[in-house]
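Structure record follows, encoded as structure tokens.
In this note's numbering, the protein residues as written are 988 to 1162.
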């Protein structure tokens, strides 16, 4: 059987702790350490809770980011489709208008008004030149007379073309 140790003798010998300033300082430090330990445990709990909340928030943001990206993508596709439809409609209108113009001018040749009038003047001048050559040949074949006819023909052509150009400019200004 084991012998029990009696602590009473040691207890009696031990001095009771006396009140000293050093003991008071140690008691205050012990109390502050207990407070710090409690605060540290509370802080640890708060950090753990915040890390869980942060992980949940990151997971939510990833899902939200995907939702925003999908919605933005759909809106961009709709906008792009509407722009393309608008361009397609405008191109189709231009093609229809051009097709209508082509059918309208199928058997016609369009020349500007000024060109048409100049051609008429040239025809009149050539007619007067040939008629003056015929007249010169009928009277007498003198070279001076032929040169007079050519000179008058050139003067008549220049005067007619100048008059036509000036007349068209005056008529275009009045529009």
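Where is the CB? At the ideal position from N, CA and C, for every residue including glycine. Bear in mind the structure is a predicted one, so any value in this text is a computation, not a measurement.
- For residue 1076, the three-state secondary structure derived from DSSP is helix.
- In the displayed model, residue 1092 falls within coil according to three-state DSSP, outside both helix and strand.
- Secondary structure of residue 1097 (DSSP, three-state): coil.
- For a cut-off of 8 angstroms, the C-beta gap from residue 1107 to residue 1148 is around 10 angstroms, too long to register as a contact.
- Short of 7 angstroms from the beta carbon of residue 1115, and not among the five residues preceding or following it, lie these beta carbons of its own chain, in chain order: 1140 and 1143.
- By the Cβ-count criterion, residue 1136 is buried, with 16 or more other Cβ atoms from all chains shown falling within 10 Å of its own Cβ.
- For residue 1022 and residue 1015, the gap between their C-alpha atoms comes out near 10 angstroms.
- About 10 angstroms separates the beta carbons of residue 1101 and residue 1158, which is beyond the 8 angstroms limit, so they are not a contact pair.
- With respect to residue 1120, residue 1133 sits close: the two C-beta atoms are nearer than 8 angstroms.
- By the neighbour-count definition (other C-beta atoms within 10 Å, threshold 16), residue 1111 is an exposed residue.
- The C-alpha of residue 1029 is placed about 10 angstroms away from the C-alpha of residue 1035.
- Note on geometry: alpha-carbon atoms of residue 1153 and residue 1117 lie some 27 angstroms from one another.
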